[in-house]
DNA sequence: TGACATACATCGGATACCAATGTATAATGG
DNA sequence: CCATTATACATTGGTATCCGATGTATGTCA
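Residue numbers (the working numbering), protein chains in the order written: chain A, 1 to 115; chain B, 116 to 230.
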């Protein structure tokens with residue numbers, strides 16, 4: 001019943017697309033960037049991250065390329081495709097509509113004659 | 116992969132509490148009120164509604180009372196308890212923090228030196 | 001009479017997130 | 001030198017959540 005675990009649902013792909021919109025990044029860096037931008041309000045676990053990336057790639061929204069230059073472990077760098085950019089725009093609109101709707105209900109004027 | 120179905124996850128209880136904060140209501144009316152306030156952006160299905168209400172009652176956040184007065188099918192009217200009101204306030208804050216965090220990531224300044 | 005709205009309820013299926021676990025490399029500090 | 005931590009990839013199984021389907025029952029309206 002962890003709350004932030006529940007709230008993040010349905011938004012993981014959108015968050016990844018948002019980060020990739022600005023620059024290509026490898027998986028681990030994507031997760032860290034989401035945490036940084038959200039000021040650590042959102043945690044992005046590995047068990048979530050990699051399946052999401054594979055799903056986005058399968059759907060043609062991102063492409064990947066192994067980067068072996070330099071020392072350290074090889075990294076898989078992801079970039080947004082054209083269709084991924086369009087999908088992000090669509091999802092950002094959906095999120096806005098959804099969060100506005102929640103705000104309306106939470107702060108909303110009650111109906112005149114209840115019950 | 117219905118989107119709004121995914122997005123609503125983790126928020127159903129909060130929405131019900133929000134509606135009950137303003138006045139006691141029976142289940143069916145709660146669902147309709149959520150749809151009304153959200154201008155039909157949110158749908159609240161029966162398969163979601165009743166389990167949520169039972170859960171809230173089990174947790175002491177709402178109480179119920181059968182109303183048999185008048186014609187028609189008997190209705191179960193729910194009211195917010197004191198602890199339910201406090202829980203709503205807490206959840207409303209959590210929601211605000213969460214939606215702000217998402218907004219930051221979606222619209223956010225990218226980190227200076229990516230990759 | 002049939003369709004629709006109201007009003008309760010349950011169950012099973014689909015899906016999503018993540019803790020746990022595993023492998024591997026590099027850097028840091030004691 | 002050795003343990004710990006950070007980086008970096010990945011999978012699997014458990015759990016929770018929502019909702020479509022289904023069922024029962026009453027009242028209204030064309």
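Virtual Cβ for every residue (Gly too), placed ideally from N, Cα, C.
Assigned with DSSP and collapsed to three states, residue 154 of chain B falls in coil, not helix or strand. Taking 9 Å as the CB threshold, residue 42 of chain A lines the interface with chain B. In chain order, 101 and 104 make up the part of chain A whose C-beta sits under 8 Å from the C-beta of residue 154 of chain B. Using a 10 angstroms sphere on the CB of residue 68 of chain A, the tally of other CB atoms stays under 16, which defines it as exposed. Between residue 216 of chain B and residue 162 of chain B, the alpha-carbon positions lie close to 30 Å from each other. CA-to-CA, the gap between residue 205 of chain B and residue 125 of chain B works out to about 14 Å. Using a Cβ distance threshold of 9 Å, residue 143 of chain B and residue 164 of chain B count as a contacting pair. Look at residue 66 of chain A: its C-beta is not under 9 Å from any C-beta on chain B.
Beta-bridge analysis with DSSP links residue 191 of chain B to B:181. Using a 10 angstroms sphere on the CB of residue 84 of chain A, the tally of other CB atoms reaches 16 or more, which defines it as buried. If you compare the alpha carbons of B:178, B:202 and B:203 with that of residue 191 of chain B, the shortest gap goes to B:178. When the beta-carbon positions are compared, residue 35 of chain A and residue 43 of chain A come within less than 9 Å of each other. Note that the C-beta distance between residue 213 of chain B and residue 132 of chain B is not below 9 Å. Interface annotation, residue 85 of chain A: not in contact with chain B, CB-CB separation never under 9 Å. Residues of chain A with a Cβ closer than 8 Å to the Cβ of residue 130 of chain B are, in chain order, 102, 105 and 106. Residue-level contact check: residue 19 of chain A touches chain B, since one or more beta carbons of chain B fall below 9 Å from its beta carbon. Secondary structure at residue 32 of chain A: helix, using DSSP grouped into helix, strand and coil. Within chain A, the residues whose beta carbon sits less than 8 Å from that of residue 122 of chain B are 9, 10, 11, 94, 95 and 98, listed in sequence order. Taking 9 Å as the cut-off, the Cβ atoms of residue 106 of chain A and residue 129 of chain B count as close. Rounded to the nearest whole angstrom, the CA to CA distance from residue 138 of chain B to residue 193 of chain B is 9 Å.
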